[in-house]
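Protein chains in written order, with the working numbering: chain A, 35 to 285; chain B, 35 to 285; chain C, 35 to 285; chain D, 35 to 285; chain E, 35 to 285; chain F, 35 to 285; chain G, 35 to 285; chain H, 35 to 285.
We treat Cβ as the ideally placed atom computed from N, Cα and C, and that holds for glycine.
Predicted, not measured: the structure shown is a model, and the values here were computed from it.
Okay, so here's the structure we're looking at.
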């Protein structure tokens, strides 16, 4: 609650329009709903126009269905991430309008209200180093798309054959934000970061074996990039990068 | 070199305006200068209007002085980061117009040409958790300022006394990009990330002791943030976050 | 065996009331029972009024059943933790009065004797950051309850939406001890620790992905908390925190 | 600000006793002082009767002197921890009533007001495994003492000669809270935890060599203790354990 | 081949008793048998009287059967370690005289020849901290027994209830070598090492959860023991400790 | 594209032989094929005569089949590594001329064209420490063989019975490059490196338990070898070493 | 205190020979001396005939001098380890009969009483891989010597030139216990362990650079040795290995 | 000693030309010199024509001088690596013909005999990512040069400005072996590995800060390279790569 609203409320208490008890209620009015196992923040979409997101890992199917149902009743749009095929099947039969992006492991429940008009900078370009990185890249791409950004995809352009990347320089230069998804040594983030002058969001993946230590090698490499304008997300966190890409892409 | 420029060059070769040899020279014209120990990229400022940056760690004073001199001759502006007081003294006596920001450990050599007009979104707000994080916070703040962004500072508002932060919510909401600098457990990034709907750039610092493992604790915490819209930089990398903040702040 | 008891025994040896051989037996009288694969400490409940606890991981079902049976014969109350559904079924059919708390993964065998009257300070409040942290939170809550403390629960109030937590400040202030259970970046422990002036027991969970490294990120964050009055338990060790909470809660 | 106070304020706004603007001021009234590099929380002592604490590592001497001076003007008592001899000398010449505990590396500025009467449970007993652990043990002991708890000390009773510890069982049993400080393998925490039925606060130290990895070995050992009723602090964090010990020791 | 044997061979070459070609053969005479996938060292038992050992992990069942068969044909005795129930069944049907110790996961094929008389110091005592450590403890115990040492067992005497251990001091003092098997914090090795003056062989186990990191906590604790006379083996390496215990136990 | 070709192209543009648009096409002419999920580099075999390689981990069976088919249509030879039996079956039924090396987990599709004549130095010798290391050793051996090198194999000659290795010194000395594959402590690489004066390529394997940490122990050991002439590959990366061995083996 | 002694004491209480109070004193009679900062165990030498050891790291010079003085008054012999030249000078001027072994960093104060006759198995052989490992090797050698074992030394026989080691096989075979000291990859322990059939005590050293991580590489290698009969000590812990070697060497 | 030589010796024993005692001497004739603290391998240069190398870290100046002197008396050439300026001064005054390469930290003592003619493939090209990597790059370059290879240098061509590297493709293609030296994220090794078809030797450096963890980030990145034909050396081990580069460069 911001200062202006607070002052209005106090004025209305002085004027007698609002009783102290009512004001207390309003000050305490929960912008979220308590399900016991979850506190749903219905206010968030209202605050910033973005969809509500359910991170499914560690939640029971029953919990996910309940949360999705409650959110769908009130919110513009719902995204569920890390949805297994089993949970996706349950969601789709439970919430008929839901759509499953299987490679991205995302279920989207379309909102009934139009989102606020957002002024966008341009295209978010999602770049992946290898074929095995595509699920994480798609998680980023679908997230940014569902938030409202146009999204381009450029997959399997890792540095082992750098001409594949260099030939696409025009697409790299044209993007307003770039998401670079790479496992193994994660070098693609540095190379892209050195080519463009727009923000690069680097997502290490757990693709690799042995001394990749489930993505640690790529994570450390990206954090230590010699290129400027590169920031880093958790291993396999395509959602986080897609979300941030859209934030940056809105003027 | 982008497609359009390349096509123009080829047209001018066909028209005879440019000879193949000259075209070859132009295609090969090195946009950098070879000092043996360093390849200076004079083209970069021309490409994107940003200052050249010298990361001083691991370079000898003689190397730093030579690089600074060559860059200052051609470029708009030079930033040297991680400048020790000794190197700063040498730089200031060598390049008279240079200025030393001692807390930020940055030396700036002002450029002779005005940078391109940049359309900016608003203010970059640099937030630090503790007093000991200020050198890293200042590195971020001075970097963003020297690149052209207005910068606000909000220091020592760590989560142990969260009302200090909450009372400044208006300033947090007003920023177009936020840099959050925190050591120890790095929780400030998540809390700020949960409050605002603009991009948050999180910089872990090596402040802390014992099981902070020189900033590893804060780094991992920031990578695992439960808030959306937070990306992460290397430990103590204030420069990286300040640079990225300005990139995002330019429309 | 404490000094007073030892002196009484020696006095009774001098007086002839107790023979040296009997004294030797009593000094050697094992307060535990040797099952070969386990040494059961029947004396513990007698010493401190607390239930006996069987940590089931790594024990065979047969071993667990035998231990539970022997303890149930003599002790006030038995707690078995980390009980899989299969082992729970075996326990419930073997020890009919046993009760299974499935979310907490705890089986309780109620004691036949009333525990000593314990003077309690107030309520233990168990707070969880997310829905996926609830199994660990419940392990803490059930443990403290079964030891005799009243327990409150406040779940899914992580820092990404900090107003959910701040609205519950009254409950936080009223608790005599707080258990904070959080995965990912574990920031909730610091925020709660900064709000209250009673002991906070922080339990990192393995909830998270990638660079959470199975709870390491939250563990390090909690150890490095900038708040005072926070101590830390092993990853997912809800039992440990619930036990300690009750210890602190007894005057 | 708790609910009761908030309601009183709103009542007084309705009655006209307080104007909305004044209420706004009071709601915004900062309980801390902004020094630019630090936000001093003068309200804290008022809130909970505990001393203010300055953690000196990473702060300049000038910053420490300014903070100490401002706090000493208003607060009951000031503790500065991790004070080097140089900073201690500066503090003692700057704040004449200050006292330096050199082994504990703590400077205390005595408060002018008596603290609230605190009802205490008993004695805090600080136990150290070796002679080299004493600085950390003293940091814990002095902290708890300055907060108001009586403190006992039992040093150099590591498990390599366990009869030294067992002979002191009476002292262990009599304590209301125990702080166990140990480096190397940190086994003392488990042994003490297995002997007593009061809370044990375990502090790993960086004492050891090679594979102690600056205290990591003792930290992990304490987190994995097989004893119940043991919680853990950061490596070398004697202050944290002393503070928590006093919290637990107040009824 | 030792100097004496070498000289005899050379003498026999000079005398013409042995031809250079034969000598070459004998110098090259392989004391092992090449199966392609394995080089069996038939000479080892001959050299030191100890059984041959097959470490089964990573070998196919076919490979294990072949190796066991070849060794059984020539050697005194064969030990196979880390034998799964499936492989054990195959071995027992293939080599009828084989015996399976299921808790220890060891199959023994008894030798046809009597081992050399070994002069032994006394009893090897295998001590375990918990019930879940017993498989590793049994691996050590069975190994030492099969090599020829008398072995005592003392299980579930971890430090959380230290009187269980102290009551067995006589058995500890009487052993000639002690193997201490413990997971979690591994403190038992230090406590036993502080009590006895005979060699203690410490085996960390992967028993524990969270920050035990699959036995790392116990391993580091044992390496950093404050007791003298304690050496350490790989995590869960009961075989190694049992083997070494017998080596030390032979005069 | 090298300078000479570029100049020829520009000359042909001036002469009118090539239109600027055609030149643009040729400059952009992709030497690879875009399948959406993969960018196939058909030019590579043409560039260096080596087979194309499909690293199967993380790719779907459908993706692997498509890639193999496309490559087989154009290339000399295709190698697929880390092929599970299921994928191998699919490949063999899809591409009839394919051959499965099951221990090495490699499928080879023979090329229709003869490779360029390569001048070779001699034999690549693949040495393994244990039986369990053979799958990785075979991956190296089959890779080098399929690239064109003669390959020798020397398995199960680990340092625990060093005479098995020393007896084969002649074979070690005769090799032109050696691949040493070892898990556990990886000492074999140092011992071989100390014996020979040709390049040694060391491959740590994940064979081992406990503190081998899935091959980390062997990896660190090999990186720290005291022998000169030893370089290191990722854990279990037999393919990488076999490929490099052939590169070195070609004059 | 063992059972026999306890029974005698109880008998003497019954007979009136000893009063209960005296018995209590005797049961509590401290076999150590409390210096406040240290609890000296004067009983230890009496118990096992071994010298008292002062580990100097982390102790002040004043503490070391006091401890050495008190121990020297009562004990057979004192060893101080990790003695810096400054502390050694102080010790030698304070305790005139003390002797400084500077490479081993050990000060010995000779005892006034003859140690018990110890029956020894043979020679302890200390083997080092490199010249830089000698300080740790000497710590082991001097420790074993001062405890009473004859000690041989074999230095700089690392595996990079394995014939240097193999030529000394006779000395290796003759030793009753071997201490192997090695940094870098630590392979020497495995090679020696594979050659001999007596116990090998492996000490990793912090010698090495980069990925040796201060001895971690050698430590992990030694823990993962493929040879049987090898146990491991903390990094640089020559004292521990020398002590254990003598324990094993006494029959 | 190879088979042929051994057979000749045996023949000469049979013929009486060599007595058994003489043969024994020759078989035992040490190809190295025992200095107590070092075993000098004079035979090595004879065996393979390479210089002797003294790794100075951890050796005393006196030890280094003695070793250098003894080697210089007999060997072709001596290389001392990791030579501090102080040790270099001592070496140069002690061995007048010695030469100090200060950036590479190498002292060379020229040999008196000409090395064997070596047939070389071509040029070794040493490539560095940044200016701060030059000392390690020079260690590689000087080592390969002193062993006999022609060496090219290409410094400061890191991937942040990839056109600096691509413009030098001709030099990259022309090299017979490439050494790539890079700190931070180490991406240069992958990019170079993807461009060339000759062996690439990757050396991670400790250049970087924060999460580079002293070179760990670059090391892991290089081990996980997606390019084929890249092998890896220890952090900062320029010597190792230079040595290997020459081995590969000799036909």
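Can you give the Cα-Cα distance for residue i and residue j, rounded to whole angstroms?
i, j, result
"residue 286 of chain C", "residue 196 of chain E", "Residue 286 of chain C is absent from the structure shown; chain C starts at 35 and stops at 285."
"residue 119 of chain F", "residue 136 of chain F", "8 angstroms"
"residue 232 of chain B", "residue 175 of chain B", "17 angstroms"
"residue 162 of chain G", "residue 281 of chain E", "22 angstroms"
"residue 267 of chain G", "residue 73 of chain H", "26 angstroms"
"residue 86 of chain G", "residue 178 of chain G", "13 angstroms"
"residue 143 of chain H", "residue 127 of chain H", "12 angstroms"
"residue 45 of chain D", "residue 188 of chain B", "34 angstroms"
"residue 213 of chain H", "residue 159 of chain F", "24 angstroms"
"residue 185 of chain C", "residue 157 of chain C", "6 angstroms"
Please classify residue i: does DSSP put it in a helix, a strand, or coil?
i, result
"residue 259 of chain B", "coil"
"residue 68 of chain F", "strand"
"residue 80 of chain G", "Confidence at residue 80 of chain G is low in this model, with a pLDDT of 49, below 50, so its placement is unreliable and no value can be given for it."
"residue 248 of chain C", "helix"
"residue 236 of chain D", "strand"
"residue 195 of chain B", "helix"
"residue 62 of chain D", "Residue placement at residue 62 of chain D is flagged as unreliable, the pLDDT there being 45, under the threshold of 50; the coordinate-derived value follows with that caveat. Reduced to three states, the DSSP call for residue 62 of chain D is helix."
Using the DSSP secondary-structure output, state which residues sit across from residue i in a beta bridge.
i, result
"residue 206 of chain F", "Answer is none; residue 206 of chain F lacks a bridge partner."
"residue 265 of chain H", "H/235"
"residue 162 of chain F", "F/215"
Which residues in chain A sit within 9 angstroms of residue i, going by Cβ to Cβ distance?
i, result
"residue 283 of chain F", "Near residue 283 of chain F there are no residues of chain A at all, since even the closest Cβ is about 22 angstroms away, more than 9 angstroms."
Can you list the residues of chain H that residue i reaches, using a CB-CB cut of under 7 angstroms?
i, result
"residue 72 of chain B", "165, 190"
- Message: At a CB distance below 9 angstroms, what residues from the segment 235-259 of chain A approach chain H? Give them in sequence order.
- Response: 242, 243, 244, 245, 246, 247, 250, 251, 252, 253, 254, 255, 256, 257, 258, 259
- Task: Return the residues of the segment 191-213 of chain D that lie within a Cβ-Cβ distance of less than 8 angstroms from chain G, sorted by chain order.
- Result: 191, 195, 197, 198, 201
- Task: Give, in chain order, every residue of the segment 45-56 of chain E whose Cβ lies closer than 7 angstroms to some Cβ of chain H.
- Result: 45, 47, 48, 54
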